[in-house]
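For the sequence shown, position 4 (counting from the first letter as 1) is numbered 247 according to my numbering, and the numbering increases by one without interruption.
Reviewing the structure listed below.
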Amino acid sequence: LLGVLLATVVIAGAWAAAARVLIVARRASLRSALSGAIPVLAGGGAASAIHSVIAPTARLAYLGVATLMLGVLWAPIGAQLASGAGFGAAQGALLVGFVATWLCLVLGGGALHAWGSVSWRRVLAVRSPSLGRGDALSKETPSTP
244 LLGVLLATVV IAGAWAAAAR VLIVARRASL RSALSGAIPV LAGGGAASAI
294 HSVIAPTARL AYLGVATLML GVLWAPIGAQ LASGAGFGAA QGALLVGFVA
344 TWLCLVLGGG ALHAWGSVSW RRVLAVRSPS LGRGDALSKE TPSTP
């Protein structure tokens with residue numbers, strides 16, 4: 244059951260990434276992006292298959308390392324709380340270190356997620372839309388006639 248769940252996550256993630264690339268880069272509708280995602284993934288060849296496995300694997304490994312680190316850092320704080328002895332300066336410093344580590348892990352996870360999402364553009368070889376004059380995405384009024 245866990246293998247089926249992991250395979251579903253990998254396939255759904257790749258399909259959603261290809262559909263997102265079609266919607267953003269090629270301005271396709273949702274229906275055409277969902278139906279056109281499979282041919283785009285097939286056009287990506289082995290690179291899309293490798294990336295669709297490596298990105299979730301990296302995220303899962305990062306989640307495991309982050310959980311392990313936070314568990315190790317929380318152990319002395321939790322023991323102090325369980326004993327009911329209260330907090331001193333050392334325990335306060337441990338708590339500040341725990342929160343700082345947690346924030347850094349959140350930022351690292353966000354960076355890993357951004358890498359996994361943005362790198363699909365390279366894998367699927369899709370150009371970014373131009374943001375020059377006359378582009379439909381541009382909301383600014385030109386300053387020169």
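Using N, Cα and C, we set each Cβ at its ideal position, and we do this for glycine too.
Quick check on the burial criterion: 16 or more other C-beta atoms within 10 angstroms. Buried or exposed for residue i?
| i | result |
| --- | --- |
| SER295 | buried |
| ALA260 | buried |
| GLY286 | exposed |
| LEU244 | exposed |
Pick helix, strand or coil for residue i, following the three-state DSSP scheme.
| i | result |
| --- | --- |
| SER272 | coil |
| ALA343 | helix |
Report the rounded CA-to-CA distance for residue i versus residue j, giving the unit in angstroms.
| i | j | result |
| --- | --- | --- |
| LEU348 | ALA309 | 6 Å |
| ALA257 | ALA271 | 17 Å |
| PRO319 | ALA343 | 16 Å |
| ALA325 | GLY307 | 25 Å |
Do residue i and residue j have their C-beta atoms within less than 9 Å of each other?
| i | j | result |
| --- | --- | --- |
| LEU303 | LEU367 | no |
| ALA280 | GLY359 | no |
| TYR305 | LEU355 | yes |
Could you say if the stretch 311 to 327 and the stretch 335 to 350 meet the contact criterion of at least three C-beta pairs nearer than 8 Å? yes
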